[in-house]
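Taking it in order: structure first as structure tokens, then the write-up.
Here you go:
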């Protein structure tokens with residue numbers, strides 16, 4: 001028996017489960033949903049595809065793109081800016097290509113052409129990924145007879161040719177001098193409407209992305225627990241509804257709670273804490289870096305800096321993930337770039353029992369001359385404190401950015 005559910009939009013979703021086949025469709029009228037469900041069950045009984053293509057006899061790759069976009073809009077998951085841009089570009093380049101011509105050879109040539117245009121391995125890899133997404137969607141959802149294997153083979157070939165691959169993991173962290181220069185620039189720039197200095201400090205204090213910072217609301221702040229809810233936080237599967245409660249801490253050299261107190265008097269009657277466009281924040285940050293001649297620094301690198309400072313402050317992976325929002329700890333690792341100097345003073349939590357060895361000069365002692373000068377010997381750890389970890393020296397604590405920026 002088919003099932004029917006009325007959605008918040010008022011539309012009706014019909015679901016059919018029959019002989020191991022599942023099909024779902026959305027309609028404006030309940031009657032239309034019922035008629036579709038009965039027709040779908042009849043097709044399944046006759047051994048036909050459960051659903052019929054919304055594009056009559058699709059013949060081109062562009063038809064499949066249109067079909068995918070239409071389907072996603074119906075379930076309220078329309079492609080966002082980045083995906084929509086890529087699909088539009090693919091439609092321009094490959095939209096008129098006949099489905100029978102969507103071959104391994106043609107896709108390899110497409111990758112080579114994109115490389116000649118200046119596209120890098122990551123961009124071409126994304127293009128191939130979206131081509132497969134569109135084709136597999138048509139085959140799975142609408143039963144359109146189109147092959148996915150040529151796309152997989154083309155990806156393998158392009159990878160062997162070095163034209164597709166993963167991006168280079170960034171390890172760029174701003175230096176103290178760069179942060180101070182940016183802070184001074186933002187504080188002294190009277191034309192700057194957006195409080196970039198305050199947003200920069202808040203980004204390092206919370207590890208939030210620029211769009212997340214510009215989305216948080218005063219009503220989502222818990223003053224007692226000192227937390228804030230970040231709504232629709234980025235997620236590799238689906239960001240919609242991925243709301244996370246984030247602690248407002250003072251461990252990275254900047255006090256997130258204090259920064260919110262500063263911002264309260266500047267946000268006026270807005271429900272948003274930082275009522276600015278995230279893209280405008282990124283643009284202003286890039287402009288400042290250009291004027292200050294700071295090379296290869298992006299606003300997103302402040303998130304890298306925040307994650308690294310959490311670890312330098314002694315956070316475990318689990319604790320840092322609660323702040324950054326990472327569900328995959330492997331992904332968190334790529335945002336963590338510890339500086340070697342911050343390991344100075346770190347000792348293991350559980351020291352092994354010491355051996356009762358005879359005292360006397362060791363070759364290393366003799367070579368260093370420490371035996372002849374006992375005062376120069378390194379101090380030994382106190383056994384009573386063996387279970388404690390010395391907090392690493394935090395170089396960024398020396399950064400004195402004005403709270404007025």
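Numbering (the UniProt record's numbering), first residue to last: 1 to 405.
Note that CB positions come from ideal geometry on N, CA and C, so glycine has one too.
- Counted as a single uninterrupted DSSP element, the beta strand (DSSP E) harbouring residue 25 occupies residues 21–27.
- When C-beta atoms of the stretch 139–156 are compared with those of the stretch 99–113, three or more pairs fall below 8 Å, so the two segments count as touching.
- Fewer than three beta-carbon pairs drawn from the stretch 181–192 and the stretch 203–220 are found closer than 8 Å, and the two stretches are therefore not classed as touching.
- Of all C-beta pairs linking the stretch 253–268 to the stretch 195–207, three or more are shorter than 8 Å, placing the two stretches in contact.
- Three or more Cβ pairs closer than 8 Å define a contact, and the stretch 190–200 meets that threshold against the stretch 270–284.
- Here residue 283 is exposed: its Cβ has fewer than 16 other Cβ atoms, across all protein chains shown, within 10 Å.
- By the Cβ neighbour-count rule, residue 200 is buried, with 16 or more other Cβ atoms within 10 Å of its own.
- Nearest neighbour of residue 122 by Cα position, chosen from 72, 140, 233 and 159, turns out to be 159.
- With contacts defined as CB atoms closer than 8 Å, residue 99 and residue 61 qualify as a contacting pair.
- With distances taken between CA atoms, residue 63 lies nearest to 138 out of 8, 171, 79 and 138.
- Ranked by Cα distance from residue 268, the options 218, 26 and 249 are led by 218.
- Around the CB of residue 75, fewer than 16 other CB atoms lie within 10 Å, so the residue is classed as exposed.
- Boundaries of the alpha helix (DSSP H) harbouring residue 283: 278–291, taken from the DSSP string.
- Distance from the CA of residue 171 to the CA of residue 311, rounded to the nearest whole angstrom, comes to 15 Å.
- Looking only at 320, 89 and 293, the smallest Cα-Cα distance to residue 66 is reached by 89.
- In the three-state reduction of the DSSP assignment, residue 229 falls in the strand class.
- Taking C-beta separations shorter than 6 Å and ignoring five residues to either side along the sequence, the partners of residue 229 in its chain run 220, 243 and 245, following chain order.
- For the pair residue 247 and residue 322, the CB atoms are nearer than the 8 Å cut-off.
- Within the stretch 134–206, no complete beta strand (DSSP E) segment of 3 residues or longer occurs.
- Of the residues 59, 3 and 44, the one whose Cα lies closest to the Cα of residue 33 is 3.
- Following the DSSP letters along the chain, one finds residue 86 inside the alpha helix (DSSP H) bounded by residues 81–94.
- Residue 68 and residue 149 have their alpha carbons spaced roughly 19 Å apart.
- Across the set 293, 85 and 5, the C-alpha of 85 shows the shortest separation from the C-alpha of residue 126.
- Bridge pairing for residue 12: 6 and 27 [DSSP].
- With a 10 Å radius around the Cβ and a threshold of 16 neighbouring Cβ atoms, residue 7 comes out exposed.
- Less than 8 Å divides the Cβ of residue 215 from the Cβ of residue 231.
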